[in-house]
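S.K.: The listed protein sequences derive, respectively, from chains L and B. Numbered according to our numbering, the first sequence spans residues 1 to 180. Numbered according to our numbering, the second sequence spans residues 1 to 414.
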Amino acid sequence: MATREARALVGTALLLACAGTARATERLGIGRPASEAEIAAWNIDIDRDGRKLPPGHGSVAQGRAVFEAQCASCHGSRGEGGTGERLVGGRGTLASAKPVKTVGSFWPYAPTLFDYIRRAMPMNAPQSLSADDVYAVSGYVLYLNGLVEEGAVLDAATLSAVRMPNRDGFVPDPRPDVKP
Amino acid sequence: MSHDDESPPARRRFLAQGAAAAAAVLAGGQARSDEAAPPAVPEWMKSPGADVGSQTYGRPSRFEDGIIRNVPKGLQQYISASSRTPLQDLDGILTPNGLFYERHHGGIPDIDPARHRLMIHGLVETPLILTMDDIRRFPSESHIYFLECSGNPGFEAIKGWTASDLVGLVSCAEWTGVRLATVLAEAGLNRDARWVVAEGADAAALTRSIPIAKCLDDALLVYSQNGERLRPQQGYPLRVLLPGFEGNMSVKWLRRLNVTAEPAYSREETSKYTDLMPDGTARQFTFVMEAKSIITRPSGTQRIAPGFHEITGLAWSGRGRIRGVQVSTDGGESWRDAALQEPVLNRALTRFRLPWRWDGTPTTIASRAIDETGYVQPSFGALTAVRGSKSFYHNNAVVPWRIAADGEVANGYA
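#1: For Y135 (chain L), go through chain C and note every residue whose CB falls closer than 9 Å to its CB, in chain order.
#2: Under 7 Å Cβ to Cβ from G320 (chain B), same chain only, skipping five residues before and after it: list those, please.
#3: Would L147 (chain L) pass as an interface residue toward chain B - the criterion being a Cβ-Cβ separation below 8 Å?
#4: Give, in chain order, every residue of the region 115-142 of chain B whose Cβ lies closer than 7 Å to some Cβ of chain L.
#5: Under the rule that 16 or more other beta-carbon atoms within 10 Å means buried, what is T260 (chain B), buried or exposed?
#6: In angstroms with no decimal places, state the Cα-to-Cα distance between Q77 (chain B) and E125 (chain B).
#7: Closer than 8 Å by beta-carbon distance: list the chain B residues that pair up with L154 (chain L), in chain order.
#8: Would you please verify whether the beta carbon of F114 (chain L) is less than 8 Å from any beta carbon of chain B?
#9: Terminal residues of the continuous alpha helix (DSSP H) containing H75 (chain L)?
#10: So is D47 (chain L) in contact with chain B if we call contact Cβ pairs under 8 Å?
#11: D177 (chain L) CB to nearest chain B CB: under 8 Å?
#12: Could you compute how far the alpha carbon of L53 (chain L) sits from the alpha carbon of S138 (chain L)?
#13: Measuring only the C-alpha atoms, how far is N70 (chain B) from T85 (chain B)?
#14: When you compare the CB of T497 (chain B) with every CB in chain L, is at least one pair closer than 8 Å?
#15: In the structure shown, what three-state DSSP assignment does A139 (chain L) receive?
#16: What is the rounded straight-line gap between the Cα of E246 (chain B) and the Cα of M121 (chain L)?
#17: To which residues of the same chain is D89 (chain B) closer than 6 Å at the C-beta, ignoring the five residues directly before and after it?
#18: Around the C-beta of R163 (chain L), are 16 or more other C-beta atoms found within 10 angstroms, so that it is buried, or is it exposed?
#19: If you pair each beta-carbon of the region 144-158 of chain B with each one of the region 387-396 of chain B, do three or more pairs fall below 8 Å?
#20: Identify every residue that forms a DSSP beta bridge with H121 (chain B).
#21: Quick check on the DSSP output: what are the complete beta strand (DSSP E) runs of length 3 or more inside the region 170-257 of chain B, in order along the chain?
#22: Is DSSP giving Q88 (chain B) helix, strand or coil here?
#23: Jot down the residue ranges of each uninterrupted alpha helix (DSSP H) in the region 80-127 of chain L, minimum 4 residues, whole runs only, in chain order.
#24: Going by DSSP, what residues sit across from G313 (chain B) in a beta bridge?
#25: Thinking C-alpha only, which one of B:G151, B:L169, B:L257 is nearest S391 (chain B)?
#26: Using only the alpha-carbon positions, how far apart do A23 (chain B) and P362 (chain B) sit?
#27: Answer with yes or no whether the minimum CB distance from V141 (chain L) to chain B is below 8 Å.
#28: Helix, strand or coil, according to DSSP, for I129 (chain B) in the structure here?
#29: According to the Cβ coordinates, are W107 (chain L) and S271 (chain B) closer than 8 Å?
#30: Three or more C-beta pairs closer than 8 Å, one from the region 28-40 of chain L and one from the region 94-114 of chain L: is that the case here?
#31: Check whether the region 394-404 of chain B touches the region 290-299 of chain B, taking contact to mean three or more Cβ pairs, one atom from each stretch, closer than 8 Å.
#32: For the 8 Å Cβ check, are there 3 or more pairs between the region 222-230 of chain B and the region 90-98 of chain B?
#33: Determine the extent of the alpha helix (DSSP H) in which G381 (chain B) is found, giving its start and end residues.
#34: Which whole-angstrom value describes the C-beta separation of V66 (chain L) and D133 (chain L), a residue pair presumed to lie in contact below a C-beta threshold of 8 Å?
#35: My output table needs one value for N396 (chain B): the three-state DSSP class, helix, strand or coil.
#36: Leaving out five residues before and five after G92 (chain B) in sequence, what residues of the same chain have Cβ atoms less than 7 Å from its Cβ?
Have a look at this one:
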């Protein structure tokens with residue numbers, strides 16, 4: 001974030017963060033501490049660099065089976081879309097008159113695929129897939145987009161290593177940008 | 001949608017009577033029945049009405065049954081979808097809780113508040129777990145703020161007939177809760193805390209990253225709306241409320257706050273809620289909802305007769321207070337200042353009004369908002385000249401209404 005507004009935000013944040021630390025001495029004593037085990041049981045956030053990806057692994061072949069059983073009815077057997085969004089294709093269309101935004105053409109970070117599938121998919125049974133299945137189906141969607149080989153096995157290291165084509169496609173908010 | 005289906009019974013009767021009566025009735029007006037006019041005494045005065053407490057949770061009059069959420073018809077699924085507030089049927093600035101717009105990504109969870117917990121962890125001194133009783137012990141505040149979906153409407157195919165069809169993904173309420181800053185201070189922020197990732201307890205486990213400056217400024221954790229507990233559609237029992245920011249970030253059914261050094265770059269802030277520009281880049285972290293307004297009366301599908309009309313509508317800005325609203329009744333050739341209803345509140349809907357006499361000639365009416373930063377709501381042409389038509393989110397352009405010779409009001413985009 002390099003805009004003027006963003007710098008102002010960060011400046012304010014630093015000031016207020018100090019204030020927050022000061023206030024911390026006057027805690028109200030509400031709530032109870034969360035244990036490491038409790039946090040681990042709930043925290044499913046994955047960063048863009050994949051550092052928080054869990055143990056486990058899954059192959060593209062396993063992913064094809066999971067996808068056909070769990071995903072294809074909405075997203076199509078090749079990720080072409082249906083009730084659910086199109087997941088495949090669209091490379092090179094973002095600057096065209098008909099941009100097609102998919103995992104392959106638009107998503108900037110591969111670990112986000114793991115994060116989103118694990119927390120929200122399949123829509124009728126979210127958080128039901130094992131970590132191995134999430135790695136596998138993430139790998140299959142990347143394979144359909146030509147981003148990993150058919151024989152690939154995805155895990156924390158290999159998923160994090162996938163460089164998405166649109167990784168550098170995002171820019172900060174320059175608004176206000178329009179005169180009446 | 002079929003508007004007849006959603007009209008009050010009296011209006012349906014009127015419509016059925018045909019055009020002969022049309023000239024006698026103004027926009028939004030109901031058919032006049034002379035059955036209760038003097039010297040008759042209406043039947044509702046001749047016997048006692050319903051008992052006190054006959055409705056233990058009150059409902060609108062049955063004659064207002066048509067004032068309902070605007071739900072799109074024929075969607076393939078309604079788990080991840082939206083419904084709109086019937087802006088053209090409401091007065092004032094507060095949206096009734098039952099008519100507040102909806103946008104859910106994994107349906108509406110049915111949460112038992114006794115079993116609900118909020119976890120605060122990450123870059124904090126003491127990770128915490130809070131019950132709803134705990135959260136209600138914190139010092140509380142109430143504020144009136146608007147909330148708006150960032151795609152309200154999109155940039156393409158701005159069809160729709162009514163004000164609700166066009167910009168019904170905005171509502172306004174009085175919110176009660178605790179400042180997020182107070183709750184974060186209870187956990188104690190580390191020095192490198194820059195973002196807070198909020199997660200909902202819905203089937204989407206929706207996550208958005210909130211910059212720490214907003215968290216420590218006016219962000220709220222809200223448990224009540226317009227005086228009563230949040231409705232399930234608005235995040236019961238607990239939600240985030242970020243004044244002026246795109247609605248998706250005010251995470252509903254809040255269960256977890258992860259304090260981090262970087263954003264999560266979740267699906268909802270990379271592949272969604274980013275604004276694709278003509279050059280193929282996408283703007284990210286476009287949080288603020290810029291100044292906007294719409295005339296709600298006269299507005300699409302209403303019909304007016306020549307003569308006096310009060311033009312009225314709503315204006316709002318994610319950057320603060322509305323400074324003024326200008327109204328054009330001649331297709332944008334000239335603009336006049338509308339009166340603003342006090343109080344004009346920070347990041348709340350503001351009601352504007354302008355008296356007007358329609359001379360019966362076809363024209364186009366529109367409003368444009370100016371906020372306290374001096375920002376002026378742009379025309380659709382000015383907006384798309386900069387951003388193209390593929391960005392989907394953050395269309396805050398002027399909404400024109402065409403008025404035909406017969407008084408029919410229609411979408412000026414269509």
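Using N, Cα and C, we set each Cβ at its ideal position, and we do this for glycine too.
M.R.: In brief:
#1: Looking at the structure shown, chain C is missing, and the protein chains on hand are L and B.
#2: N346, R347, D371, E372, T373
#3: no
#4: M119, H121, E125, T126, P127, L128, I129, L130, D134, R137, F138
#5: buried
#6: 43 Å
#7: Ordered by position in chain B, no residue passes the 8 Å Cβ test against L154 (chain L), which lies about 18 Å from the chain.
#8: The beta-carbon of F114 (chain L) is placed no less than 8 Å from the nearest beta-carbon of chain B.
#9: Under the DSSP assignment, H75 (chain L) falls in the alpha helix (DSSP H) whose first and last residues are 72-75.
#10: yes
#11: yes
#12: 13 Å
#13: Their Cα atoms are separated by approximately 6 Å.
#14: Chain B is shown only over 1 to 414; residue 497 (chain B) falls outside these bounds and no answer can be derived.
#15: For the record, residue 139 (chain L) in the displayed sequence is Gly; it is not Ala. G139 (chain L) falls in the helix class under three-state DSSP.
#16: 24 Å
#17: Excluding five sequence positions before and after D89 (chain B), the CB atoms of its chain that fall closer than 6 Å to its own CB belong to I67, given in chain order.
#18: exposed
#19: yes
#20: B:N258
#21: 170-179, 195-200, 207-211, 220-225, 239-241
#22: It is helical.
#23: Fully enclosed alpha helix (DSSP H) runs of 4 or longer: 111-120.
#24: B:I295, B:F352
#25: B:G151
#26: Bear in mind that a pLDDT of 37 at A23 (chain B), under 50, signals an unreliable position, so the number given afterwards is only what the model happens to contain. Distance between the alpha carbons of A23 (chain B) and P362 (chain B) is about 16 Å.
#27: no
#28: Three-state result, I129 (chain B): strand.
#29: yes
#30: no
#31: yes
#32: yes
#33: 380-387
#34: 5 Å
#35: coil
#36: R351
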